[in-house]
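Asks: Positions 1433 to 1699 (our numbering) are the ones given, in order, by the sequence shown.
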Amino acid sequence: MDDAREFKHRFKAAVEKNFDQSADAYDRFEERHHLFETLTRRQLELIEPSRPVRILDVGCGTGISTLALYQALAGRSPNIYAIDISERMLLRARERCESLPGVYFIRGDAEKLSGYFNEAFDAIFYTASIFLLPGFAESLRQASHLLVPGGLLSISYYSGLFNKSGEDAIRKAFPDQKYQYGAVPIGELVSCLESMPGTRTTRVDFRFEVSRDFLFDFLSIPAQCSGLFPKIPYLERIPKVRDLCDLLVKRVDPVFMGWEFLIARKR
1433 MDDAREFKHR FKAAVEKNFD QSADAYDRFE ERHHLFETLT RRQLELIEPS RPVRILDVGC
1493 GTGISTLALY QALAGRSPNI YAIDISERML LRARERCESL PGVYFIRGDA EKLSGYFNEA
1553 FDAIFYTASI FLLPGFAESL RQASHLLVPG GLLSISYYSG LFNKSGEDAI RKAFPDQKYQ
1613 YGAVPIGELV SCLESMPGTR TTRVDFRFEV SRDFLFDFLS IPAQCSGLFP KIPYLERIPK
1673 VRDLCDLLVK RVDPVFMGWE FLIARKR
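(1) Mapping the DSSP letters down to three states, classify residue 1608 as helix, strand or coil.
(2) Assuming residue 1642 contacts residue 1688 (C-beta within less than 8 Å), just tell me the rounded distance between them.
(3) Determine the closest residue to residue 1469 out of 1557, 1538, 1509 and 1483, with distance taken between C-alpha atoms.
(4) In terms of alpha-carbon separation, which member of 1484, 1530 and 1565 lies closest to residue 1508?
(5) Taking only runs of the alpha helix (DSSP H) that begin and end inside the region 1542-1599, which ones reach a length of at least 4 residues, in chain order?
(6) Could you tell me the distance, in whole angstroms, from the CA atom of residue 1545 to the CA atom of residue 1561?
(7) With a Cβ-Cβ cutoff of 9 Å, do residue 1512 and residue 1539 count as a contact?
(8) Going by C-alpha to C-alpha distance, which of 1559, 1501, 1459 and 1585 sits closest to residue 1521?
(9) Relative to the C-alpha of residue 1530, which candidate in 1581, 1649 and 1496 has its C-alpha closest?
(10) So what's residue 1689 in DSSP terms, helix, strand or just coil?
(11) Please give me, in chain order, every unbroken run of the beta strand (DSSP E) with length at least 3 that falls completely inside the region 1445-1520.
(12) By a C-beta neighbour count over all protein chains shown, 10 Å radius and 16 as the cutoff for buried, is residue 1537 buried or exposed?
(13) Give me the Cα-Cα distance between residue 1481 and residue 1555, rounded to the nearest whole angstrom.
(14) Measuring CB to CB, does residue 1659 end up less than 9 Å from residue 1559?
(15) Can you grab the Cα-Cα spacing for the pair residue 1456 / residue 1526, in whole Å?
(16) For residue 1601, is the classification buried or exposed, using 16 other Cβ atoms within 10 angstroms of its Cβ as the cut-off for buried?
(17) Given a threshold of 16 other Cβ atoms within 10 Å of its Cβ, counted over all protein chains shown, does residue 1578 qualify as buried or as exposed?
(18) Note down the Cα distance separating residue 1686 from residue 1603, rounded to an integer number of angstroms.
(19) Can you tell me whether DSSP reads residue 1602 as helix, strand or coil?
(20) With 16 as the cutoff for other CB atoms within 10 Å, does residue 1664 come out buried or exposed?
(21) How should residue 1564 be labelled, buried or exposed, when 16 other C-beta atoms within 10 angstroms of its C-beta is the threshold for buried?
(22) Using alpha carbons as the reference points, say which of 1580, 1532 and 1612 lies closest to residue 1550.
(23) Could you check what DSSP says for residue 1641 in three-state terms: helix, strand or coil?
(24) Between the alpha carbons of residue 1614 and residue 1654, how many angstroms are there, rounded?
(25) Out of curiosity, what's the CA-to-CA distance linking residue 1680 and residue 1592?
(26) Given this structure, state the Cα-to-Cα distance separating residue 1573 from residue 1504, to the nearest angstrom.
(27) Kindly indicate which three-state DSSP category residue 1632 falls into: helix, strand or coil?
(28) Under a Cβ-count criterion, where at least 16 other Cβ atoms within 10 Å of its own Cβ denotes burial, should residue 1553 be classed as buried or exposed?
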C-alpha cells in the first residue's frame, strides 16, 4: 500500500472512530447552538427557487441535517436517503427521524456512493462533511452522476476560526499550535467542482461571531478536538481545550467562525 492509500485508510478509520465517540457531544452541542440546522437551512435558501423532492444527505451524522431537510420540504412529501460511516451516529439519526415517512438511512462509505444508490436525485447535500473525506473528488464525481439534469450539489465547508481582519484566529493566538480543519483544502474542493463537466458553481462565504462557550462546546466534541490534540486521549484533551478557549478569546476578540457554501448545478 503506497503512502497516499495508507494515509486515506488511516484517516477514514480515525474519522469513523472519532464520530462513533461524538454522537452524544454533537447532540448536546446542537441543542445549545443549532449550528447544523442553521447550515442546512441556509443551504436550502441558497438553492431557491429549487425545491428538491428526491434528496441524498451525505455524511448525515446524527440526522440533524436530515431532519432539517425534511421539515423544510415536508409539504412536498420528500424522499430523503441519508448515508454515514458511523453506526453510532446513524443510531441517533434513526431515533431522531423514526416517525418520518420517506426517510431512509444507510451505513456506508461516502466515497462509494454509486455502490449504494441507483436512484436519480434532485439534490445531494454535504452538510459539514465534505472536508472529512480524503477521497472527496471521487465522492463528488459519483454524486454528480446520481443527479438529474438541473440537479444540485450543495456543500457547507468549515473554513476555520478568524479574527475581524480575516486572519486565522488559532494561528494568530497560538503560532505553534496546529489545528487540522480537515482533509480537504478549500482550493482543491473548488477546483474539483469547477473541473466537473456540465456544472456551474456558486461560492458564498458565511461568518459569524462566536462566544467562548460556543467555542468550547464545539472544540470539545471528540471529532473536533482530535484535530487540535490528535495524540492525546479524549478525556485528557478537555482541560487543554478549555485552556485554549480561555486564552483564544483573550488574545483574539472577537472570534468568528467561518463556513463556505458551494452550490454546483448540473446542466
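The C-beta atom is built at its ideal place from N, Cα and C for all residues, glycine as well.
Replies: Let's see:
(1) coil
(2) 7 Å
(3) The candidate whose alpha carbon is nearest that of residue 1469 is 1557.
(4) 1484
(5) 1568-1577
(6) 14 Å
(7) no
(8) Selected option, being the one with the closest Cα: 1459.
(9) 1496
(10) strand
(11) Taking 3 residues as the shortest admissible run, the region 1445-1520 contains the following complete beta strand (DSSP E) segments, listed from N- to C-terminal end: 1486-1490 and 1511-1516.
(12) When all chains shown are included, residue 1537 counts as buried.
(13) When only Cα atoms are considered, residue 1481 and residue 1555 end up about 13 Å apart.
(14) No, the Cβ-Cβ distance between residue 1659 and residue 1559 is not below 9 Å.
(15) 14 Å
(16) Residue environment for residue 1601: buried (at least 16 other C-beta atoms within 10 angstroms of its C-beta).
(17) buried
(18) One C-alpha to the other measures close to 15 Å.
(19) In the structure shown, residue 1602 sits in a helix (DSSP, three-state: H, G or I).
(20) exposed
(21) buried
(22) 1580
(23) In the structure shown, residue 1641 sits in a strand (DSSP, three-state: E or B).
(24) Approximately 14 Å between the Cα atoms of the pair.
(25) 14 Å
(26) Residue 1504 has its alpha-carbon roughly 27 Å from the corresponding atom of residue 1573.
(27) Strand.
(28) buried
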